[in-house]
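Protein chains: 2
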Amino acid sequence: MSTVNYPSRLLEDAVNEFAKLPGIGRKTALRLVLHILRQPADQVEHFSSSLVKLRSEIKMCKSCYNISDTETCPICSDNKRDTSLICVVENIRDVMSIESTGQFRGKYHVLGGIISPMDGISPSDLTIEQLEARIAAGSVSEVIFALSATAEGDTTNFYLYKRLSRYSITISTLARGVAIGDELEYADSLTLGRSIINRIPFNG
Amino acid sequence: MSTVNYPSRLLEDAVNEFAKLPGIGRKTALRLVLHILRQPADQVEHFSSSLVKLRSEIKMCKSCYNISDTETCPICSDNKRDTSLICVVENIRDVMSIESTGQFRGKYHVLGGIISPMDGISPSDLTIEQLEARIAAGSVSEVIFALSATAEGDTTNFYLYKRLSRYSITISTLARGVAIGDELEYADSLTLGRSIINRIPFNG
Numbered sequence: 006m007s008t009v010n011y012p013s014r015l016l017e018d019a020v021n022e023f024a025k026l027p028g029i030g031r032k033t034a035l036r037l038v039l040h041i042l043r044q045p046a047d048q049v050e051h052f053s054s055s056l057v058k059l060r061s062e063i064k065m066c067k068s069c070y071n072i073s074d075t076e077t078c079p080i081c082s083d084n085k086r087d088t089s090l091i092c093v094v095e096n097i098r099d100v101m102s103i104e105s106t107g108q109f110r111g112k113y114h115v116l117g118g119i120i121s122p123m124d125g126i127s128p129s130d131l132t133i134e135q136l137e138a139r140i141a142a143g144s145v146s147e148v149i150f151a152l153s154a155t156a157e158g159d160t161t162n163f164y165l166y167k168r169l170s171r172y173s174i175t176i177s178t179l180a181r182g183v184a185i186g187d188e189l190e191y192a193d194s195l196t197l198g199r200s201i202i203n204r205i206p207f208n209g
Numbered sequence: 006m007s008t009v010n011y012p013s014r015l016l017e018d019a020v021n022e023f024a025k026l027p028g029i030g031r032k033t034a035l036r037l038v039l040h041i042l043r044q045p046a047d048q049v050e051h052f053s054s055s056l057v058k059l060r061s062e063i064k065m066c067k068s069c070y071n072i073s074d075t076e077t078c079p080i081c082s083d084n085k086r087d088t089s090l091i092c093v094v095e096n097i098r099d100v101m102s103i104e105s106t107g108q109f110r111g112k113y114h115v116l117g118g119i120i121s122p123m124d125g126i127s128p129s130d131l132t133i134e135q136l137e138a139r140i141a142a143g144s145v146s147e148v149i150f151a152l153s154a155t156a157e158g159d160t161t162n163f164y165l166y167k168r169l170s171r172y173s174i175t176i177s178t179l180a181r182g183v184a185i186g187d188e189l190e191y192a193d194s195l196t197l198g199r200s201i202i203n204r205i206p207f208n209g
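One line per chain: the protein sequences are A and B, in this order. Numbered per the numbering used here, the first sequence finishes at 209, counting up by one with no gaps. Numbered per the numbering used here, the second sequence finishes at 209, counting up by one with no gaps.
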């Protein structure tokens, strides 16, 4: 179906819109649109309005830059959480991943990306200045870098470290090592090597 | 992310809507929604309205049951096409596939599915009665069954054949055989066997 004749302009419009989404080709778009065509009209209207409302009403938390329905996100407003501990992440998906572990009770800071000269993303495109302002305000004692274990993640970690090391705070990063449940023979050698170097005391 | 805490109800709503689409899981839905969130507002509104318009304004061609912007689809309205030849297909995707070959100049009839007792689809759920009415009207000389080469396709072919054989028309079906460009050693044995039985004269 390289040159496709759509029997309807309305159909073609909807397929074009879906095909703009990342990872959705024209064949998948057509399949999704034909599925939508079979749904009740009120269901389609609900789908449609949820997107417009999302785009027009959603806010960015003015403290951590997580997305939110309110000026300050539920995590930043939660006074049972530790304000002295900030976990720096790339995007809101990472906030959700860490939240789902139930192991972190501090606050977050969403950078909105990662330093990547290849993609034209420089430190000024990220919320690094705002992160520094939060630390300069004084109540933060530890910052955890929770960025991807990639070259860009390492670059960003290094840049942040240089910039934040003049404050008297602890700077830490996620432990790297063999994943829980992994068999050693299937662990990649880089990870395995690092987890030997960074071995930890065994507590019975 | 089995139990996910969304930072925003608006976000969660939109993710839920996307996750209702076939083949879209919650992780993919989140990725799509975050992409939409980064688009300009007018682009999101255009996406949204294209779906509502599709659902509310699209029609089914009253002759062939292809979807259409008008009462009669462009193919049925085209008087340069052969009215005596009807190609019976399962759905509108098949119409588009056959149209893209440029090899068919007759009309179509879209069944709207295929007989499948497993999925609870019986002949009365399809537009078989309407197909018979078109043939009974008298101007049709040949009907081509262009259904899937599956058990359900064979069942439907057989049912249609029994029902239409009392009319003085030619009934044909798509040629089955080794696909063009395929190497013989990779053709499945069923297809290869059939293409030996149904071998055709070689015209230098």
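Positions of the beta carbon are idealized from the N, C-alpha and C atoms, including for glycine. Bear in mind the structure is a predicted one, so any value in this text is a computation, not a measurement.
- Gly198 of chain A sits in a helix when the DSSP states are folded into three classes.
- Minimum Cα-Cα distance from Leu169 of chain B among the listed residues B:Glu22, B:Asp159, B:Arg86 and B:Ala138 corresponds to B:Ala138.
- Residues of the same chain with a CB within less than 7 Å of the CB of Ala154 of chain A, apart from the 5 flanking positions on each side, are Arg181 in chain order.
- Contact of Cys78 of chain A with chain B by beta-carbon distance below 7 Å involves Pro12.
- The C-beta separation of Ser55 of chain B from Lys64 of chain B comes to about 16 Å, leaving the pair out of contact by the 8 Å criterion.
- By the Cβ criterion, the region 88-98 of chain A is in contact with the region 106-120 of chain A, since at least three pairs of Cβ atoms, one from each stretch, lie closer than 8 Å.
- Between the region 23-40 of chain B and the region 32-48 of chain A, the count of Cβ pairs shorter than 8 Å is three or higher; the stretches touch.
- Under the DSSP assignment, Phe150 of chain B falls in the beta strand (DSSP E) whose first and last residues are Glu147 to Phe150.
- Residues Ile126, Ser127, Pro128, Leu131, Glu157, Thr160, Thr161 and Tyr164 of the same chain have their beta carbon placed closer than 8 Å to that of Ile120 of chain A, with the five preceding and five following residues left out of the count.
- At least one CB atom of chain B sits nearer than 9 Å to the CB of Ala46 of chain A.
- Taking 8 Å as the upper bound for CB-CB distance, Val115 of chain A and Ile97 of chain A are in contact here, some 6 Å apart.
- A distance of 9 Å or more separates the beta carbons of Ser68 of chain B and Thr75 of chain B.
- Annotation for Ala151 of chain B: Cys92, Val93, Val94, Asp99, Ile103 and Leu179 place their beta carbon closer than 7 Å to its own, counting only its chain and skipping 5 residues before and after.
- Exposed is the label assigned to Arg204 of chain A, since fewer than 16 other Cβ atoms lie within 10 Å of its Cβ.
- In the DSSP assignment, Cys81 of chain B falls within the unbroken alpha helix (DSSP H) covering Pro79 to Ser82.
- Annotation for Ser89 of chain B: the continuous beta strand (DSSP E) segment containing it runs Asp87 to Val94.
- Rounded to whole angstroms, Arg60 of chain B and Asp18 of chain B show a C-alpha spacing of 20 Å.
- For Leu42 of chain B, a Cβ of chain A is located within less than 9 Å of the residue's own Cβ.
- Taking 9 Å as the CB threshold, Arg60 of chain B lines the interface with chain A.
- For Leu116 of chain A, the nearest beta carbon of chain B is not closer than 9 Å to its own beta carbon.
- Nearest to Ile133 of chain A by alpha-carbon distance, out of A:Met123, A:Tyr166 and A:Ser105, is A:Tyr166.
- Not one beta carbon of chain B lies nearer than 9 Å to the beta carbon of Cys92 of chain A.
- If you look at Lys167 of chain B, you'll find it in the alpha helix (DSSP H) that goes Ala156 to Leu169.
- Neighbourhood of Pro27 of chain B in chain A, by CB distance below 8 Å: Arg36, Leu37 and His40, in chain order.
- With a 10 Å radius around the Cβ and a threshold of 16 neighbouring Cβ atoms, Asn84 of chain A comes out exposed.
- C-alpha of Arg199 of chain B to C-alpha of Thr33 of chain B: approximately 42 Å in a straight line.
- One alpha carbon belongs to Glu62 of chain B, the other to Ala184 of chain B, and they sit about 39 Å apart.
- Residue range Gly111 to Val115 is occupied by the beta strand (DSSP E) that includes Lys112 of chain B.
- A residue is called buried once 16 or more other Cβ atoms fall within 10 Å of its Cβ, and Leu16 of chain A is buried on that count.
- For Ser153 of chain A, the three-state secondary structure derived from DSSP is coil.
- The residues Cys66, Lys67 and Ser68, in chain order, have a CB closer than 7 Å to that of Thr77 of chain A in the same chain once the five nearest residues on each side in sequence are set aside.
- Burial is judged here by how many other beta carbons sit within 10 angstroms of a residue's own beta carbon; Pro45 of chain A has fewer than 16 and is exposed.
- Assignment of beta-bridge partners to Lys64 of chain A by DSSP yields A:Ser73.
- The distance from the Cβ of Ser173 of chain B to that of Ile149 of chain B is about 16 Å, inconsistent with a contact at the 8 Å cut-off.
- Contacts with chain A at 9 Å (Cβ-Cβ) include Asn96 of chain B.
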